[in-house]
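The block underneath contains the structure these notes are about, expressed in structure tokens.
There are 2 protein chains.
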Amino acid sequence: MLSRPDVAVVGAGPVGLAIAWRCAQRGLRVVVHDPAPGTGASHVAAGMLAPVAEAYFGERELTGLLTASAARWPAFAAELTAATGVDVGYRTEGTLMVGLTADDLAEARRLWAYQQGIGLPVTPLRPSALRDREPALAPRVRGGALAATDHQVDPRRLVPALRAAAERAGATLVPAVVRALSDVDARVTVVAAGCGAAALTGLPVRPVKGQVVRLRAPGGGAPGFRHVIRGYADGEPVYLVPRADGEVVVGATVEERADTDVSAGAVLRLLRAAVDLLPELAEYDLVETAAGLRPGTPDNAPILGPLPGRPGVLAATGHHRHGIVLTPVTADLIADLVVTGTADPLLAPFTPARFAPPEPAEPAPDAAALPGPAAVSGPAAAPGPAALPGPAVSVGRAPSGGPGVVAGPVVPAVESRSGAGPAVPEEEHTWN
Amino acid sequence: MLSRPDVAVVGAGPVGLAIAWRCAQRGLRVVVHDPAPGTGASHVAAGMLAPVAEAYFGERELTGLLTASAARWPAFAAELTAATGVDVGYRTEGTLMVGLTADDLAEARRLWAYQQGIGLPVTPLRPSALRDREPALAPRVRGGALAATDHQVDPRRLVPALRAAAERAGATLVPAVVRALSDVDARVTVVAAGCGAAALTGLPVRPVKGQVVRLRAPGGGAPGFRHVIRGYADGEPVYLVPRADGEVVVGATVEERADTDVSAGAVLRLLRAAVDLLPELAEYDLVETAAGLRPGTPDNAPILGPLPGRPGVLAATGHHRHGIVLTPVTADLIADLVVTGTADPLLAPFTPARFAPPEPAEPAPDAAALPGPAAVSGPAAAPGPAALPGPAVSVGRAPSGGPGVVAGPVVPAVESRSGAGPAVPEEEHTWN
Chain A
120 MLSRPDVAVV GAGPVGLAIA WRCAQRGLRV VVHDPAPGTG ASHVAAGMLA PVAEAYFGER
180 ELTGLLTASA ARWPAFAAEL TAATGVDVGY RTEGTLMVGL TADDLAEARR LWAYQQGIGL
240 PVTPLRPSAL RDREPALAPR VRGGALAATD HQVDPRRLVP ALRAAAERAG ATLVPAVVRA
300 LSDVDARVTV VAAGCGAAAL TGLPVRPVKG QVVRLRAPGG GAPGFRHVIR GYADGEPVYL
360 VPRADGEVVV GATVEERADT DVSAGAVLRL LRAAVDLLPE LAEYDLVETA AGLRPGTPDN
420 APILGPLPGR PGVLAATGHH RHGIVLTPVT ADLIADLVVT GTADPLLAPF TPARFAPPEP
480 AEPAPDAAAL PGPAAVSGPA AAPGPAALPG PAVSVGRAPS GGPGVVAGPV VPAVESRSGA
540 GPAVPEEEHT WN
Chain B
120 MLSRPDVAVV GAGPVGLAIA WRCAQRGLRV VVHDPAPGTG ASHVAAGMLA PVAEAYFGER
180 ELTGLLTASA ARWPAFAAEL TAATGVDVGY RTEGTLMVGL TADDLAEARR LWAYQQGIGL
240 PVTPLRPSAL RDREPALAPR VRGGALAATD HQVDPRRLVP ALRAAAERAG ATLVPAVVRA
300 LSDVDARVTV VAAGCGAAAL TGLPVRPVKG QVVRLRAPGG GAPGFRHVIR GYADGEPVYL
360 VPRADGEVVV GATVEERADT DVSAGAVLRL LRAAVDLLPE LAEYDLVETA AGLRPGTPDN
420 APILGPLPGR PGVLAATGHH RHGIVLTPVT ADLIADLVVT GTADPLLAPF TPARFAPPEP
480 AEPAPDAAAL PGPAAVSGPA AAPGPAALPG PAVSVGRAPS GGPGVVAGPV VPAVESRSGA
540 GPAVPEEEHT WN
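Residue numbers (the working numbering), protein chains in the order written: chain A, 120 to 551; chain B, 120 to 551.
Below is the structure:
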């Protein structure tokens, strides 16, 4: 190491690598620590970019962030490919949401109505229109809807591309385990360690196991369907993600467990639901079963921003089921925060401070006292630039740094050495 | 190589290795050729020793051989363990045969009646007795029967044990591919190459694909059941083989295909049937999926004995679903044939000559002209020593040696150099 880096990123998954890339583009000296880049949750993930299909009741703020990030994906993928020559498998055929039985369809329609009600583009399809789009769907699939703007990318292509882009922009990868934040030395440390963030920061990030099966179309051809298909099959939620190279990802369980064993029951449920929706999958090769650990949080939303009581430490974790879709917005906003020391309003609902425990004597601000939630429709409706949370307090298992008021911004502004760097496309945060 | 070996065995699966062991015990110089010992069908096989449960309509002669070989298994396993110190996982808890639905049970009962009718020990069990034996069976399993004498062994332990035994007895392994029988030079060549026998000999051995799933009891313990369980579940035949180390083998498909791809549909069907019969398996880890190619034959029976038109060449292939159970009897009888030049009557129904095409001018003997079938009850009821089939004729794709009468025995008698060698236990061929 020639000199103390400006930024140390802990974790070389998509989020960490994209942050490293964006920071290096701004001319910062960046080091990324990871003994095994890209082997965490992203290696198992299907790569759906699905703010519409993943818009659930009671998660409006998360939906806003997902929507904002999905809108950045076309330019993000194009820029990444331009920088590296790597095709990251970004596909825009859209997503079909289907129900196998009448009960499945009724359940799905409740959600579609909610999604339409908050302005998301869900288009119900007549059965004939559904089959026109995907003739391979089982005849007994009762109905469906199109989320044309829910796209996909291949995480196993994305990670090498991001790594190459970050390294070409000047970032350095260090293949070492970080057991405590004191292991790294930089002006700003970004913890993008997925589930590993819990031990490093004390943040309430917990592993949420997901099991996934990978199939391959026989004969080396492309799968016999083009859309991402998500559905319920006899009550079992399942998704099917077709890749151009013949792979089909079938996922995923959501289990409150911390092991990565693949269970017979999970594979059975996934395959049964998959074959019920798309019978031809029975003839596909089963090429991989895997389990990964998503970094879950108490409110299912990511944790993005300054770590209370730890000046110079930022969190970028807790992305749960949404790490791939949230990669662009996370990278952009965290890089901005590193450079300017000021948090974009989009980050406000996701601040680590929302999980800070109240101080015994003098209650610290909790989530309710933070700036109001960013509206789904984007910055125009959001509150002004978020003040950095203060006073910062220590969190649960923070390995060092007691409670106390932080003098000045938690994140020291780091001057960019190379001016603006490559233009980061401006995307509207509204859904269109 | 010091001198021309007495016996060259092509194929180091269980059959080839056991033949090599038996021949080496007789004092013969033995070389076994295989680039990858034990990686063929036996690596996938479950290792059921099931002459009763596998006794099917119209296969009386095969049932007789299965029964004779299963009766040799206790002594064979004991001798192998004594010779090598390897526990081959021979277990004698017996096999439960069950039906999930009323239809499944009706189908199973037809077969049990046939098996009982030919004197095999099948004991129908009341549902309460069934559950006393295996409390983990699904409550909706309608009924079952016990085949107490159908045991199991672990093929992945068996192969290394046989290899060690053969080598300790003096056999040499040569890790080379044999592409034609002219590649090997020995007084007698034994083709024990499974599906590979077709290309080497022209015999009608075809690959019959079998897919198998391996589970493991969670927590490192033994499975929650002790018997081999075979059954029908909504028409799907399945078997579940528990190992002491926690493994459970779930098998198997029977497909007329020559690829070893694992298909989603096969894994789905196997897991569904397995979990239907034994619900706790859903919680087991799925640790392996695999496909192997059984060496099938036109009449489902093995091909054992002198190759017509190829003096000094013996076949020991075509064991199809029964390679593991048939290993002891195959090894004993082929070794006898090598040493004495005379075929045991038990071999008569399985001679390669039964597939010899008739000669254009003068019809050659076909299977119907061979000595009558060995009775199930063993040698006492079998015809006297079988004459070697003659005149020998060439078979389909034999790479050399045109049709013609062979002068003298097809297999030259090879004198044993060390007298009797280690005692091979005498087993009664009757079932008890």
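C-beta: ideal position from N, C-alpha, C; glycine also. Every value quoted in this text rests on a predicted model; they were computed, and no experiment measured them.
Original post:
Checking contacts by CB at 8 Å: is THR436 of chain A closer than that to chain B?
Top reply: In terms of beta-carbon proximity, THR436 of chain A stays away from the interface with chain B, with every pair separated by 8 Å or more.
Subject >> Inside the region 146-190 of chain A only - beta strand (DSSP E) runs reaching at least 3 residues >> reply: Secondary structure remark: continuous beta strand (DSSP E) runs of at least 3 residues inside the region 146-190 of chain A, in chain order: 149-152.
Subject >> Within-8 Å CB hit, GLU402 of chain A to chain B >> reply: Yes, because at least one Cβ of chain B sits closer than 8 Å to the Cβ of GLU402 of chain A.
Subject >> Option nearest LEU423 of chain B by Cα separation, candidates B:ALA221, B:THR320 and B:THR214 >> reply: Ranking B:ALA221, B:THR320 and B:THR214 by Cα distance to LEU423 of chain B puts B:THR320 first.
**OP:** Please list, in chain order, all residues of the same chain as VAL303 of chain A whose beta carbon is under 7 Å from its beta carbon, the five residues on each side excluded.
**Re:** Taken in chain order, the residues that qualify are ALA127, VAL129, HIS152 and VAL297.
Subject >> Pairwise C-alpha distance: ASP269 of chain A and GLU226 of chain A >> reply: GLU226 of chain A and ASP269 of chain A have their C-alpha atoms some 20 Å from each other.
Original post:
What's the C-alpha gap between ALA383 of chain B and VAL369 of chain A?
Top reply: One alpha carbon belongs to ALA383 of chain B, the other to VAL369 of chain A, and they sit about 11 Å apart.
Subject >> Rounded distance between the beta-carbons of LEU219 of chain B and ARG261 of chain B, thought under 8 Å >> reply: LEU219 of chain B and ARG261 of chain B do touch by the CB rule: their CB atoms are close to 7 Å apart, below 8 Å.
Original post:
By the criterion of Cβ-Cβ separation under 9 Å, what are the contact partners of ARG191 of chain B in chain A?
Top reply: Neighbours of ARG191 of chain B in chain A, taken as residues at a C-beta separation under 9 Å, are lacking, since the least C-beta distance is about 35 Å.
Original post:
Looking only at C-alpha atoms, which of B:THR372, B:ALA295, B:GLY159 and B:HIS438 sits nearest to GLY132 of chain B?
Top reply: Ranking the options by Cα distance to GLY132 of chain B, first place goes to B:GLY159.
**OP:** In angstroms with no decimal places, state the Cα-to-Cα distance between ARG440 of chain A and GLY340 of chain A.
**Re:** GLY340 of chain A has its alpha-carbon roughly 29 Å from the corresponding atom of ARG440 of chain A.
Original post:
Quick one: is ASP395 of chain A buried, meaning 16 or more other Cβ sit within 10 Å of its Cβ, or exposed?
Top reply: ASP395 of chain A is buried by the Cβ-count criterion.
**OP:** Give the interface partners of VAL386 of chain B over in chain A, defined as CB-CB distance under 8 Å, in chain order.
**Re:** By Cβ distance, chain A contributes VAL386, LEU390 and LEU405.
Subject >> Beta-carbon proximity check, ARG145 of chain B vs ALA454 of chain B, cutoff 8 Å >> reply: Going by beta carbons, ARG145 of chain B and ALA454 of chain B fall inside the 8 Å limit.
Subject >> Contact set between ASP615 of chain A and chain B, taken where Cβ atoms lie within less than 8 Å >> reply: As shown, chain A starts at 120 and ends at 551. That puts residue 615 of chain A outside it, with no answer to give.
Original post:
By the criterion of Cβ-Cβ separation under 7 Å, what are the contact partners of THR408 of chain B in chain A?
Top reply: Those within 7 Å of THR408 of chain B in chain A are LEU405.
Original post:
When the Cα atoms are used, what is the spatial distance from LEU277 of chain B to THR200 of chain B?
Top reply: Going by the C-alpha atoms only, they are around 10 Å apart.
**OP:** Could you name the residues of the region 333-363 of chain B whose beta carbon sits closer than 7 Å to any beta carbon of chain A, in the order they occur along the chain?
**Re:** From the region 333-363 of chain B, only LEU334 have a Cβ closer than 7 Å to chain A.
**OP:** At 8 Å on the CB atoms, spell out the chain B contacts of VAL394 of chain A, in chain order.
**Re:** Going along chain B in sequence order, the residues near VAL394 of chain A (Cβ under 8 Å) are ALA383, GLY384 and LEU387.
Original post:
Can you tell me whether DSSP reads GLY135 of chain B as helix, strand or coil?
Top reply: Residue state, collapsed to three classes: helix.
Subject >> Contact under 8 Å by Cβ, VAL272 of chain B with ILE443 of chain B >> reply: Yes. Within cutoff.
Original post:
Is the Cβ-Cβ distance between PRO447 of chain B and SER188 of chain B less than 8 Å?
Top reply: By the CB criterion at 8 Å, PRO447 of chain B and SER188 of chain B fall inside the cutoff.
**OP:** Give the DSSP-derived three-state secondary structure of ILE453 of chain A in the structure shown.
**Re:** Reduced to three states, the DSSP call for ILE453 of chain A is helix.
Original post:
Is the beta carbon of GLY329 of chain A sitting closer than 8 Å to the one on GLY411 of chain A?
Top reply: Yes; because the gap between Cβ atoms is below 8 Å, this pair is in contact.
**OP:** With a cut-off of 8 Å on the beta carbons, I'd call PRO414 of chain A and PRO471 of chain A a contact; round off their distance for me.
**Re:** 13 Å between Cβ atoms; not a contact.
**OP:** Label GLY204 of chain B either buried or exposed according to how many other C-beta atoms from any shown protein chain fall within 10 Å of its C-beta, with 16 as the threshold for buried.
**Re:** Classification of GLY204 of chain B: exposed, given that the 10 Å Cβ count is below 16.
Subject >> C-beta atoms of LEU77 of chain A and LEU445 of chain A nearer than 8 Å >> reply: Lying outside 120 to 551, the shown extent of chain A, residue 77 of chain A is not represented and no answer is given.
Original post:
What did DSSP end up calling VAL347 of chain B once you bin it into helix, strand or coil?
Top reply: Reduced to three states, the DSSP call for VAL347 of chain B is strand.
**OP:** With a 10 Å radius around its C-beta and 16 neighbouring C-beta atoms as the bar for buried, classify ALA363 of chain B as buried or exposed.
**Re:** ALA363 of chain B sits exposed, since fewer than 16 C-beta atoms from the chains shown fall within 10 Å of its C-beta.
**OP:** Please determine if the region 306-315 of chain B and the region 170-184 of chain B are in contact, where contact requires at least 3 C-beta pairs separated by less than 8 Å.
**Re:** The region 306-315 of chain B, when compared against the region 170-184 of chain B, does not touch it at the 8 Å Cβ threshold.
**OP:** Using alpha carbons as the reference points, say which of B:PRO417, B:PRO356 and B:ALA299 lies closest to GLU375 of chain B.
**Re:** Ranked by Cα distance from GLU375 of chain B, the first of B:PRO417, B:PRO356 and B:ALA299 is B:PRO417.
**OP:** Note down the Cα distance separating VAL347 of chain B from LEU359 of chain B, rounded to an integer number of angstroms.
**Re:** Looking at the backbone, the Cα of VAL347 of chain B and that of LEU359 of chain B are separated by about 6 Å.
**OP:** To the nearest angstrom, report how far apart LEU215 of chain B and LEU168 of chain A are at their CA atoms.
**Re:** So the alpha carbons of these two residues sit roughly 49 Å apart.
Original post:
Under the three-state reduction of DSSP, which class applies to LEU433 of chain A: helix, strand or coil?
Top reply: If DSSP states are grouped into helix, strand and coil, LEU433 of chain A belongs with the strands.
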